[in-house]
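J.: Numbering (UniProt numbering), first residue to last: 530 to 888.
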Ligand code: PEP
Ligand code: MG
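#1: Just list the beta strand (DSSP E) runs in the region 625–670, keeping only unbroken ones of 3 residues or longer that don't cross its boundaries, in chain order.
#2: Once DSSP output is grouped into helix, strand and coil, what is the label at residue 676?
#3: Rounded to whole angstroms, what is the Cα-Cα separation between residue 854 and residue 616?
#4: Return the bridge partner residues of residue 553 from the DSSP annotation.
#5: Is the closest heavy atom of the ligand PEP to the C-beta of residue 636 under 7 Å?
#6: Can you list the beta strand (DSSP E) stretches of 3 or more residues lying completely in the region 692–742, in chain order?
#7: Name the one or two DSSP bridge partners that residue 760 has.
#8: Could you have a look at residue 752 and say whether DSSP puts it in helix, strand or coil?
#9: Quick check: does the Cβ of residue 577 come within less than 7 Å of any heavy atom belonging to the ligand PEP?
#10: Quick one: residues in its chain with C-beta nearer than 6 Å to the C-beta of residue 725, no 5 flanking neighbours on either side, listed in chain order?
#11: Just confirm the distance between the C-beta atoms of residue 745 and residue 755, as a whole number of angstroms; I'd bet it's less than 8 Å.
#12: State yes or no: is the C-beta of residue 569 within less than 8 Å of the C-beta of residue 541?
#13: Just curious, the beta strand (DSSP E) that residue 770 is in, first and last residue?
#14: Out of curiosity, what's the CA-to-CA distance linking residue 553 and residue 654?
#15: Going by the DSSP bridge assignment, what does residue 792 pair with across the sheet?
#16: Run through DSSP, which three-state label would residue 575 get?
#17: Relative to the C-alpha of residue 666, which candidate in 644, 686, 539, 780 has its C-alpha closest?
#18: Quick check on residue 586: buried or exposed, where buried means 16 or more other Cβ atoms within 10 Å of its Cβ?
#19: Within the same chain, show all residues whose beta-carbon is closer than 7 Å to that of residue 905, passing over the 5 residues directly before and after it, in chain order.
#20: Residue 582: which of 571, 547, 594 sits nearest, CA to CA?
#21: Quick one: residues in its chain with C-beta nearer than 6 Å to the C-beta of residue 785, no 5 flanking neighbours on either side, listed in chain order?
#22: Looking only at its own chain, which residues have a Cβ that is under 8 Å from the Cβ of residue 530, when we skip the five neighbours before and after it?
#23: Locate the alpha helix (DSSP H) running through residue 533, then write down its first and last residues.
#24: Who's in the neighbourhood of the ligand MG, going by beta-carbon under 5 Å from any heavy atom, listed in chain order?
#25: Could you give the DSSP three-state label for residue 845: helix, strand or coil?
#26: Just confirm the distance between the C-beta atoms of residue 846 and residue 885, as a whole number of angstroms; I'd bet it's less than 8 Å.
#27: Suppose the cutoff is 6 Å on Cβ atoms and the five residues either side in sequence are ignored; what does the same chain contact list for residue 620 look like?
#28: DSSP three-state label for residue 545, please.
#29: For residue 847, is the beta carbon positioned less than 7 Å from some heavy atom of the ligand PEP?
#30: Hey, out of 695, 550, 737, 728, whose CA is closest to residue 866's CA?
#31: Any heavy atom of the ligand ZN closer than 7 Å to the beta-carbon of residue 855?
#32: Between the C-alpha atoms of residue 779 and residue 659, what's the straight-line distance to the nearest angstrom?
#33: Check this for me: beta carbons of residue 713 and residue 627, under 8 Å apart or not?
#34: What whole-angstrom Cβ distance do residue 851 and residue 842 have, given they're in contact under 8 Å?
#35: Could you say which of 669, 790, 600 lies nearest to residue 678 if we only look at CA atoms?
Structure follows, in structure tokens:
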């Protein structure tokens, strides 16, 4: 349990009076949000929604939705998921009490949602009325050899727009409900993952805007909100000037940006990374401490190009590097507006941001 009192609290207060960058947290449960706030988080920089879909009483509807062969089938399953998803966002927005909250639309490697054992297929057959053989064939069709470079992130929103539509509806309905109850209107920041082209963001921003307009009409209330994107592919960094025409903010997803720039799998790197560090090929583990010379160039370039198009574009980082002091120093030099770290790393991020500003 965080106990930020006494000398520690004084030290953190001194740090806060010197830092320029904001410090947010990566959190998707009310418990994590509450803890991060106690640690001094000033908002959510990344709420990953895919974890919510693994909830025990939702996973069957999620599998039903993924395996459905038609939009109608997906919409039927998504209707079951909407109330819970709305409650997820009500809880988070309430907990953050008006602080900025960046909610990222679904970004799973799809295979994590597919049923595996016979029992899971049998349960799904009961729910959907489809035979086990049919469902297995469908799962086979969705199989990917390299899911991390496959049908994930905004590609899912492009091919199955009804998924993002349900999530956007849940966000705006939740924001209206919280505004109604608390009298204070939250300003959700809707984040589209794994964007590589302006057109992807254009299509999905329109979907989010249209959904917001529908919800506001139904609720008789208008709220402010932002739509932005992650920069986590080299192409997105290079094309940031064009992408910024569609984005009010960029959040650097340096986990994927490191993976895709170095061509090193973030899940399998452990097999050889320590040797690479021992032999001085990498100065440090690039998934822990930002590869400033390589990946860092893409971050600086994207920040520069994004600002050239939209001078007030909000810039943050939500990869693991957002809680690493050396990477935070780089973020300060690049002029990012905030870093976002997991709840337990929020205090170190506050200190590192102050140290970087003083340096
Ligand atoms: C990232 O890629 O840096 C990121 C924050 O997204 P995720 O880790 O969820 O892929
Ligand atoms: Mg990512």
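Just so you know, even glycine gets a beta-carbon here, dropped at the ideal spot from N, CA and C.
T.: Looking at the coordinates:
#1: The qualifying runs are 630–633.
#2: Note: residue 676 maps to helix in three-state DSSP.
#3: Approximately 35 Å between the Cα atoms of the pair.
#4: Residue 553 is bridged by DSSP to 869.
#5: For residue 636, the distance from the CB to the nearest heavy atom of the ligand PEP is below 7 Å.
#6: Unbroken beta strand (DSSP E) stretches of 3 residues or longer found wholly inside the region 692–742: 717–721, given in chain order.
#7: The bridge partners DSSP lists for residue 760 are 781.
#8: In this structure, residue 752 counts as coil in the three-state DSSP scheme.
#9: Flag set: Cβ of residue 577 near the ligand PEP.
#10: Answer for residue 725: 762, 764, 765, listed in chain order.
#11: Wrong, their Cβ atoms sit about 15 Å apart, outside the cutoff.
#12: In this structure, residue 541 lies closer than 8 Å to residue 569 by Cβ.
#13: Looking at the DSSP string, residue 770 is not in any beta strand (DSSP E); the run it does join, the alpha helix (DSSP H), is 769–772.
#14: Going by the C-alpha atoms only, they are around 43 Å apart.
#15: Paired residue(s): none; residue 792 is not in a bridge.
#16: Three-state DSSP puts residue 575 in a strand.
#17: Among 644, 686, 539, 780, the Cα nearest to that of residue 666 belongs to 644.
#18: Taking all protein chains shown into account, residue 586 has fewer than 16 neighbouring C-beta atoms within 10 Å of its C-beta and is therefore exposed.
#19: Residue 905 lies beyond the range of the chain shown here (530 to 888); nothing can be said about it.
#20: Ranking the options by Cα distance to residue 582, first place goes to 594.
#21: Same-chain partners within the cutoff: 761.
#22: At residue 530, the pLDDT of 45 sits below 50, so the modelled position is not reliable; the number obtained from the coordinates is stated separately. Counting only Cβ-Cβ distances below 8 Å, and skipping sequence neighbours, we find nothing.
#23: Residue 533 -> no alpha helix (DSSP H), and no H or E assigned at all.
#24: In chain order, the hits are 761, 782, 785.
#25: Note: residue 845 maps to strand in three-state DSSP.
#26: Actually they are not in contact, since the Cβ atoms of residue 846 and residue 885 sit about 13 Å apart, beyond 8 Å.
#27: Contacts found: 559.
#28: Residue state, collapsed to three classes: helix.
#29: Residue 847 Cβ: within cutoff of the ligand PEP.
#30: When only C-alpha atoms are compared, the closest one is 550.
#31: Ligands in the displayed structure: the ligand PEP and the ligand MG; the ligand ZN is not one of them.
#32: CA-CA distance, residue 779 to residue 659, rounds to 42 Å.
#33: In this structure, residue 627 lies closer than 8 Å to residue 713 by Cβ.
#34: Wrong, their Cβ atoms sit about 18 Å apart, outside the cutoff.
#35: For residue 678, the closest C-alpha among the options 669, 790, 600 is that of 790.
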